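148 is the number that the numbering used here gives to position 148 of the sequence shown; each next residue is one higher, with no gaps. Accompanying notes for the structure given below.
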Amino acid sequence: MCGRYHVTDETAYEMEKLIKETAEKLRWESAAALKRISSMDIHPADEAPVLLAAGGGIACTWLRWGFPVQQEQRKGLIINARCETVTDRPLFREGILHRRIAVPAASFYEWNREKAKYTFRKNDGQALFMTGCCRNYGDGEHFVILTTAANESMEPVHDRMPLLLQAEQVTEWILDAGKTEPLLRQIPFLLERSTEYEQLRFF
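Okay, here's the thing in structure tokens:
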């Protein structure tokens, strides 16, 4: 799963490169959204920068993380969706069909059963792009992050992890519906895992 992640100025730079690959120039809305990005942790219910479809290409905007749920006077947020069942569930189906997004991060965090915190990042230090989808609510669009079975780098900590994209897959995921099913089934690439006490690299 994914319950918190980190973005940096470098994350914004890599997002801008991807946007410019699909557009002749950077739209002012994307430029303004990218300018808001600084070094920060993103928590559930926070607004966060995402990449989505706009004007035939991709753009950056800020959406709120988590689908609000209210059942029998109990309030909460759904922040993740399982990629294995996301196309079957009415809550997520429309977003997967028509409003797929990529959620950029410099790293994300996970905790094991002993509550030890681990940080996961790409081995080359480049940005991660997590798959997601969004849905409109009264206060605007909200998003969830898709998760899949843990790979070798995640298994010692948790049995789920974000479904990750390579940078060159981001545009396909957002704009090409024909790529959705294959990308939902892919195994995430291995990550660098570290804690305060150890650092392990997977290649």
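Think of the CB as a built atom: it goes at the ideal place given N, C-alpha and C, for glycine as much as any other residue. The structure displayed is predicted, hence computed values, not measured ones.
May I have the straight-line CA-CA distance separating residue i from residue j, to the nearest angstrom?
i: E10; j: R27; result: 19 Å
i: F203; j: L190; result: With a pLDDT of 49 at F203, under the threshold of 50, the modelled position of this residue cannot be trusted, and the question is left open.
i: G55; j: G140; result: 19 Å
i: R93; j: T119; result: 30 Å
i: L77; j: F143; result: 10 Å
i: T147; j: M154; result: 12 Å
i: G66; j: I101; result: 14 Å
i: M161; j: G132; result: 13 Å
i: T85; j: I187; result: 16 Å
i: E192; j: Q126; result: 12 Å
i: S39; j: A167; result: 20 Å
i: N112; j: P182; result: 30 Å
i: V50; j: T22; result: 15 Å
i: D124; j: G138; result: 40 Å
i: L175; j: E196; result: 39 Å
i: K122; j: C134; result: 25 Å
i: C2; j: A81; result: 10 Å
Are residue i and residue j close, meaning C-beta to C-beta below 8 Å?
i: V7; j: P104; result: yes
i: Y5; j: I42; result: yes
i: L52; j: T171; result: no
i: P44; j: I79; result: yes
i: L165; j: F129; result: yes
Examine chain B for any beta-carbon lying closer than 8 Å to the beta-carbon of residue i, and answer yes or no.
i: L165; result: Any reference to chain B falls outside this structure, which holds one protein chain only.
Starting from the C-beta of residue i, find all residues in its chain whose C-beta is less than 6 Å away, skip the five residues before and the five after it, and write them out in chain order.
i: C83; result: L146, T148, L163 and L184
i: S290; result: With the chain represented from 1 up to 203, any question about residue 290 goes unanswered, as that position is not in the structure.
i: E110; result: Y118, V157 and H158
Excluding five sequence neighbours on each side, which residues of the same chain lie with their C-beta closer than 8 Å to the C-beta of residue i?
i: K20; result: L26
I want to know whether the stretch 82-91 touches the stretch 48-66 - three or more CB-CB distances under 8 Å. Short answer: they don't touch.
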